[in-house]
């Protein structure tokens, strides 16, 4: 945005208000970070110069960097799956772009909801708004499998990654079933 100078005022014992005669020196470039000095000089009708005054204007970076996730904001996995971190990138009006810093971890051996946080602070100290990826690790689904054990016997198998349970119907007490 453009810089609007607050200006200065000046008065002289004999000439009164000489504000209109002030000469401003220097310029401010709001497109370039840095420190700029503006000077203010004035003389009365007799040529007597006032003591020069100055104003320092600092143009600083006030814009926040922006973080963008690579991939989905929510990732769904099953216990035992492999989690591959896709990361996130940042962009900044002064510093350019790069990879955001990630914190957090995912344990795919344990069903739970995990959060990976991404952050970045630019060289001017402006922190981006933190971005979160949610990783949901769910237990393996139990899928019944029907099978035939003979003409009068039916069964169903339910299995997970660590256990198999068989439910058999139509078996008389004392019969042996081999699986």
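In the working numbering, the protein residues as written are 12 to 190. Ideal Cβ placement from N, Cα and C applies to all residues, glycine included.
Which residue or residues does DSSP assign as beta-bridge partners of residue i?
i           : result
residue 89  : 149
residue 143 : 128
residue 27  : 23
residue 108 : 102
residue 122 : None, per the DSSP bridge assignment.
So is residue i buried or exposed if we call it buried at 16+ other beta carbons inside 10 Å?
i           : result
residue 127 : buried
residue 131 : buried
residue 150 : exposed
residue 121 : exposed
residue 86  : buried
residue 43  : exposed
residue 99  : buried
Please state if the CB of residue j and the CB of residue i are separated by a distance shorter than 8 Å.
i           : j           : result
residue 39  : residue 47  : yes
residue 102 : residue 70  : no
residue 111 : residue 143 : no
residue 105 : residue 135 : yes
residue 36  : residue 15  : no
residue 124 : residue 84  : no
residue 73  : residue 25  : no
residue 82  : residue 97  : yes
Measuring alpha carbon to alpha carbon, tell me which residue in the options is nearest residue i.
i           : options         : result
residue 21  : 89, 54, 114     : 54
residue 57  : 32, 81, 50, 119 : 32
residue 107 : 129, 83, 133    : 133
residue 141 : 148, 129, 118   : 129
residue 76  : 109, 89, 97     : 109
residue 89  : 114, 113, 118   : 118
residue 80  : 27, 113, 61, 60 : 113
residue 28  : 17, 61, 45      : 61
Is it the case that the region 83–98 contacts the region 60–72, given that we only count it when at least three CB pairs across the two stretches are under 8 Å?
Below 8 Å, too few C-beta pairs join the region 60–72 and the region 83–98 to call them touching: fewer than three.
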